[in-house]
Structure formats: C-alpha cells, structure tokens
Amino acid sequence: MTVLIFCAAVVFLQLAGAYLRFLAFRDQMNEGEVWSLWRKFVTWSGVSLFIYWGLFWSTGLVTGTYKAVLMLGWIPYMIIFVRALPGRLLSHVFVLGMVALWSFITHNWSNIAVTVFMSNEAEQTIIFIHPLLYLMWFVLLLPIEWRFFSRVLPDQAFLLHQPVGIYIALLPIIMLSGHIVLIADGQLWHTWAERISRLCLLIGFVFAYRYIIVAARRFYDREMDRHNGEIMEREIVYLEEYQKLIQDNKIQAEKMQENLLSRYETLQMLLNRGDVAAAKKFIAGQEQLLATVSIRSYCNSPIVNAAISLYLRRAEAQGITVRQKINLPKTLATDENDLAVLLSNLLENAIQACAGSPKPELSIVLQHNGRQCVLEIVNSCVKELRLGDDGLPETKHAQAGHGIGTLSLKNFLAKYDGYVDFSQERGQVRLFIYWEGGK
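Here the sequence shown stands for residues 396 to 834, where the numbers follow this note's numbering.
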C-alpha cells in the first residue's frame, strides 16, 4: 500500500507539471481540444501508475529509480501535448523549460525541508515524503502558478523570428541543464553549497523571464512600426497604380466614345444586310472591350478595391485565367488596411506560383456575412511546396512565391483568431481562411 500511495503521488506530480504547461496554451484551445487532451493525460496517468507500481515494487523506494522517474516521466505527457497542438514546437519547448525551472525550484525546497527535518530518517521514508512535499508546494503556490503560467508564453511572432526565437525557446532549458547534470546520480544527499546554488536559480528564473518579456515587447513594437510602415508604402503604391489605372481607362473610354458613332454605323450596316450572326459577334466584341475599361467597386474602401483590381489585372495580363466571386458589404467589419495587405500578399503569391504552369488559373472567393468572413484562393502550382509544422509553406525558402507573405498571414490570423487550411494536389494549391471581423 505504501508503494501504491507513493506511485500515486508521483503520478499527480507529473499531472501537475502537465497542468502548468496546459495553462500556457489554454486560450489557444477550444473546449473539444481541452477535453480530448485531458482524457489522454488521465489515460496515460492510469497506465503509468501501474508501471511505476511494478517498477518500485521490484526495486524498492531507492534514490536512483525515483530520480529516473522524475527526469523521464514528463516525456509521454509532452508527446501527447505536442500531438494535440501541432505547429507550435518552439512554444512547447519554451513552456517546457519554464515549467521545468519552476518544478526544479520547488523540488529543491522539498529537498531542503527533508534535510532540515528528516536527516536521520531512513532513505525509503525520505523518498516517500519527498513527492508529498512537492505536491504541497504545488497546491500552496497554485494561485501564483495559475497567474504566472497563464501569461508565460510570449507572442508567437517573437518565437517565429529566427534565429532569436530558437535562442529564447531554449534559454530556460539551458539555464537548468547544468543543475540537472549534477543531480543525475543515485546520491540521496547533496552538499549545502549545491542546495544554495539551486536557490539562486530562482533569481535567474525571474531575471530571464523579465528579459524575455521586455525583449518580446520591444520586438513587437519594432514589428508594428515596420508593419505600419509597409502598410503606408503599400497604400501609396495601391493608390498611385489605381489612379493610373483609372486614368488609362478614362482615356480608353473617351476614345471609345469618339468612335461610338462609327460603331453604331457598323452595327446598322450589319443589321441592314441581315447578317445577324455578325451583328451578335460585333456586339460581343464591344462588350469585351467595355469590360477592359470598367473598374468594379467591391466596397467603399479604395485601398481594398485597389488591391483586388490591381492584382487581378496583373494576373490577366500574364495570361492567367481568373475567376472571381467577391461579395463585400459597403462597410467592412475587417480593418481595411489589414485586409488589403492580406489580399495583396496572397494574390501576389498566387500569381508567382502560376509561373511555369501550362494552363495557369487563379480563382478567388471572398465573402463577408456580417462579422463572418471567408477567403479562398485556388491557383495553379507545378512545384511541390514544403510545408512547416503549422501546415503553411515554409518562409525560409523561395518556393514559387508562396513563402512570401506567410508571416503576414500568421499575424492576420493571430489578430482575428482565424482558421486556415492549406493543401496542394493535382497541380493546384488551395488556401482557405475563416475569421471574424470587428476585432
């Protein structure tokens, strides 16, 4: 019974660590994902309880086995977590390191407690009490832990910024690694100098976290300044090109108006001859000509109109077959600057990806229904794209254009809590985005 109680305490200890990691990602998960994650956690906890019971039943409560279980028991929970939330590897590594740092500090406090009050007790008694003290610290500090680990994760864009993101993600684990190596033995008691040095880890923990938060804030401010600068530059280019397009179409329309009388005379001549087929063909040609000088207004935003019109015209000028279904309200629920930048990036990527395709095609569907927004872009792409852990094309390679603007898409999804699905099959890529405006 003693071994079973001890094993249950160890399992609850590992569940406590999983709970702290869960707090960091809680806001990124829906209710179904949360239930699924904890069902897997609880299932593995039941399995591990019997594994530990058998292990300690055969070896007894000895220091080496206990340390091995503490140092390796988190791995299955981590695997479950990474599989439940894919595409966030650096975030998982960072949170794992922060939780490991915190757990090691409470582990050291438990060591000091048993050293002060139980130094004359048998090894089995000390090992039995240690995880119970560990759990006591977890419960007593739960309000602080809940508040801290709910906010521990820096902005995702900060971790995606390479190579800085890798350094930041690994920093907590690197801070801890030296202490872990020193205690990775079968020794029960360590010197007071070692225990005091572990207490200093708390100071390093606080300063490291403070540094990460300040660095993330500065990075965010710089990225926002750069992003706003890019938006302003793009808006100027949009409006200049849009104005030029309007002027060119106006000139063509004036020329058509000057030749209107002669065109009527041509049509009248065809009808007088009774050549109805030729008259219909002539009218169809005039309709196509009118379509080339007309500019459609999709909404009241000149920036969004410019972004859509310019890139669709560029696609047609490059011989790409364009199909569109755009239904926008006069007043957008999404910020016009954000939407214009998103559309320009994605359409530019799609146009570049069509290069080399024997029959280049581009289809865009954009629907706004109240606050609910849907964007789908399908285009030809003969080159196989490399996808990252998040299911999107990797940005560090020039991949037929689809690497460009991916970071802008990620920022847009983060701001509007959007959903994205990217797929490639039979020479076509499909990008589907859903988000809610007004945020």
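We put the CB at the ideal spot given by N, CA and C, even for glycine.
Legend entry - Residue range of the unbroken beta strand (DSSP E) whose run includes N722: T716 to N722
Inset, instruction - Verify whether the separation of the beta carbon atoms of I470 and K435 is less than 7 Å. - result: no
Inset, instruction - Name the one or two DSSP bridge partners that R825 has. - result: V773 and S818
Inset, instruction - Identify whether N764 lies in helix, strand or coil by the three-state DSSP scheme. - result: strand
Inset, instruction - For I759, write down the residues that DSSP places opposite it in a beta bridge. - result: Q719 and I772
Inset, instruction - Give the DSSP-derived three-state secondary structure of E779 in the structure shown. - result: coil
Inset, instruction - Could you check how far apart the C-beta atoms of L480 and F401 are, in whole angstroms? I think they sit under 8 Å. - result: The pair is not a contact, with the Cβ atoms about 32 Å apart (cut-off 8 Å).
Inset, instruction - Taking only the alpha-carbon atoms, compute the straight-line gap between L410 and A750 and give it to the nearest angstrom. - result: 52 Å
Inset, instruction - Give the secondary structure of P471 by DSSP, where H, G and I count as helix, E and B as strand, and everything else as coil. - result: helix
Legend entry - Range covered by the alpha helix (DSSP H) that runs through T397: T397 to F420
Inset, instruction - Have a look at the DSSP bridge pairing and note the partners of W830. - result: C768
Inset, instruction - Below 6 Å CB to CB, which residues in the same chain sit around F817 once its five sequence neighbours on both sides are set aside? - result: G786, L787 and L826
Inset, instruction - Return the CA-CA distance between G832 and G813, expressed in angstroms with no decimal places. - result: 10 Å
Inset, instruction - Take I828 as the anchor and find which of H763, L780 and E779 has the nearest alpha-carbon. - result: H763
Legend entry - Delimiting residues of the alpha helix (DSSP H) encompassing G729: Reading off the sequence, residue 729 comes out as Thr, not Gly. Premise fails: T729 is in no alpha helix (DSSP H) and is neither H nor E.
Inset, instruction - Give a yes or no on whether the minimum CB-CB distance between P753 and chain B is below 7 Å. - result: No chain B appears in the structure shown, which is made up of a single protein chain.
Legend entry - Beta-bridge partners of P788, as assigned by DSSP: L782
Inset, instruction - Leaving out five residues on either side along the sequence, give the residues of the same chain with a beta carbon under 6 Å from the beta carbon of F544. - result: L415, L418 and A419
Legend entry - V773 versus L761, G765 and L782, residue with shortest Cα-Cα distance: L761
Inset, instruction - Would you mind giving the Cβ-Cβ distance between I607 and P558, rounded to the nearest angstrom? I have them listed as a contact below 8 Å. - result: So it is not a contact: roughly 15 Å between Cβ atoms.
Inset, instruction - Report back the beta-carbon spacing between V699 and E731 to the nearest angstrom; my notes put them in contact at under 8 Å. - result: 5 Å
Inset, instruction - On a CA-only basis, which of P526, S752, Q819 and N425 is nearest L782? Give me that one, please. - result: Q819
Inset, instruction - Whole angstroms is fine: what's the gap from L399's alpha carbon to K462's? - result: 17 Å
Legend entry - Residues of its chain near V601, where Cβ-Cβ distance is below 7 Å and the 5 sequence neighbours each way are ignored: none
Inset, instruction - Give the single residue among L737, G482, I578 and R613 whose Cα lies nearest to the Cα of S803. - result: L737
Inset, instruction - Would you be able to state if there are at least three C-beta pairs under 8 Å between the region 522-530 and the region 500-513? - result: yes
Legend entry - Start-to-end residues for the alpha helix (DSSP H) that takes in V494: L484 to F512
Inset, instruction - With DSSP as the reference, label K810 as helix, strand or coil. - result: helix
Inset, instruction - Taking A701 as part of the alpha helix (DSSP H), name the residues at either end of that continuous run. - result: P697 to A712
Inset, instruction - For M396, count neighbouring C-beta atoms within 10 Å of its own C-beta (all shown protein chains included) and say buried if the count is 16 or more, exposed if not. - result: exposed
Inset, instruction - Indicate the three-state DSSP secondary structure (helix, strand or coil) for R668 in the structure shown. - result: coil
Legend entry - Classification of P567 by the beta-carbon crowding that lies within 10 angstroms, buried from 16 upward: buried
Legend entry - For F407 and W448, the rounded distance between their alpha carbons: 14 Å
Inset, instruction - Below 7 Å CB to CB, which residues in the same chain sit around V547 once its five sequence neighbours on both sides are set aside? - result: A419, V490 and M493
Inset, instruction - Could you tell me the boundaries of the alpha helix (DSSP H) in which P538 lies? - result: L537 to F544
Inset, instruction - State yes or no: is the C-beta of A728 within less than 7 Å of the C-beta of V717? - result: no
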